[in-house]
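Heads up: the sequence shown begins at 0 in numbering that gives the first Met the number 0, then just goes up one per residue. For every residue, glycine included, the Cβ atom is placed at its ideal position computed from N, Cα and C. As the structure is a computational prediction, the values presented were derived from the model and not from experiment.
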Amino acid sequence: MAKPLTLPDILKKKQRGEKLVMLTAYDYSFARWLDEAGIDLILVGDSLGMVVQGHATTHRVTMEQMIYHVEAVVRGVRRAFVVADMPFLSYQVSEEEAIRNAGRLIQAGAKAVKLEGGQEILPLVRRLVDLGIPVMGHLGLMPQRVQAVGGYRTQAVDATSREQLLRDARALEEAGIFSLVLEKVHPEAARAVTGSLQIPTIGIGSGPHCDGQVLVLHDMLGLYPDFRPPFVRVYLDGGRLVREAVEAYIRDVRQGTYPPSSDA
Ligand code: KIV
């Protein structure tokens, strides 16, 4: 049986120059396929609010829903390191609530939690890390703040915002995060952050210079019908394959060719 990946294994990968590969998953079956394929990290992302639940943003995802999905994913995983997103309002209201919610995700089987934010979440990150809860950071485009930044546009494009990104990244590293997601950050800014941190960066739509990459599973499998970010490489025309399979099944049932007659 594959040995479960640990935090030190993840940090060693950066030291050895090995890329980290992460995908999102939200249920048992996909988690099993990803794990068997050899994925390093699985993120139970609050992107489930969009690709599973059909909302326009991630804001409606609740703690109860995250716990439900984390438990399902963990049941399918032998080796991968499972990270759970802390959903909107689960860590912003008070430190006490945030600690309890992070703890519930760990109780559900996650190995770490992911929080969006920079300087403003440093005290919370320190507290969680002190309590033994590994934290993954998330900078650049932060979907929980999409209204405030005016949409899904590339971040850290000008010198001032690049410096701010670098300051936030260094401060988060100092506060104890073990890894940092950089979402939709200008590739040169992602290169600068990656080069200045000891911990691995994991990019999404941030170019090739990060220590690893993450994609939303439904995007890379072509399963999300509404929208596909331009940086996504689509590895399967999943939506079309599903539709064709279902059309074939409908045809077979309507024509009486499925189920076959018992003497066929
Ligand atoms: O929720 C999510 O899927 C994420 C990824 C986009 C990194 O946070």
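Query                                                                                                                                                                     : Result
By how many angstroms is the C-alpha of residue 255 removed from the C-alpha of residue 80?                                                                               : 46 Å
From residue 194 to residue 30, what does the alpha carbon distance come to, in whole angstroms?                                                                          : 31 Å
Output yes or no for whether 8 Å exceeds the beta carbon distance between residue 211 and residue 22.                                                                     : no
Residues near the ligand KIV, CB to any non-hydrogen atom under 7 Å, in chain order?                                                                                      : 23, 42, 44, 45, 46, 57, 84, 113, 137, 142, 180, 182, 203, 213 and 215
Rounded to whole angstroms, how far is the Cβ of residue 130 from the Cβ of residue 167, which I believe are closer than 8 Å?                                             : The Cβ separation is near 22 Å, so there is no contact.
Within a Cβ cutoff of 8 Å, which residues of the same chain sit near residue 198, ignoring the five residues on either side of it in sequence?                            : 10, 13, 172, 176, 177, 178 and 179
How long is the line joining the alpha carbons of residue 230 and residue 258, rounded to whole angstroms?                                                                : 43 Å
Determine the closest residue to residue 200 out of 148, 134 and 36, with distance taken between C-alpha atoms.                                                           : 134
Using CA atoms only, rank isn't needed, just tell me which of 58, 215 and 189 is closest to residue 207.                                                                  : 189
Which value, in whole angstroms, describes the spacing of the CA atoms of residue 72 and residue 26?                                                                      : 5 Å
I believe residue 132 touches residue 105 by the beta-carbon criterion, under 8 Å. Please report the beta-carbon distance rounded to the nearest angstrom.                : 6 Å
Just to check my reading of the structure: residue 228 and residue 218 have Cβ atoms closer than 8 Å, yes? What is that Cβ distance to the nearest angstrom?              : 7 Å
Compute the Euclidean distance between the alpha carbons of residue 216 and residue 124, then round it to the nearest angstrom.                                           : 27 Å
DSSP three-state call for residue 4: helix, strand or coil?                                                                                                               : coil
So, does the stretch 74-93 touch the stretch 30-49, judging by three or more C-beta pairs under 8 Å?                                                                      : yes
According to DSSP, residue 213 sits in a beta bridge with which residue or residues?                                                                                      : 21
Rounded to whole angstroms, how far is the Cβ of residue 83 from the Cβ of residue 69, which I believe are closer than 8 Å?                                               : 5 Å
Let me check understanding here. Comparing Cα to Cα, which of 37, 38 and 64 lies closest to residue 44?                                                                   : 64
Could you pull the start and end residues of the beta strand (DSSP E) that residue 181 belongs to?                                                                        : 178-182
Do you know how far the Cα of residue 109 is from the Cα of residue 98?                                                                                                   : 14 Å
Under 6 Å Cβ to Cβ from residue 107, same chain only, skipping five residues before and after it: list those, please.                                                     : 66, 69 and 70
With a threshold of 8 Å on Cβ separation, who are the neighbours of residue 78 within its own chain once the five nearest residues in sequence on each side are excluded? : 1, 2, 3, 4, 34 and 37
Could you check whether residue 154 and residue 165 sit closer than 8 Å to each other, using their CB atoms as the reference points?                                      : no
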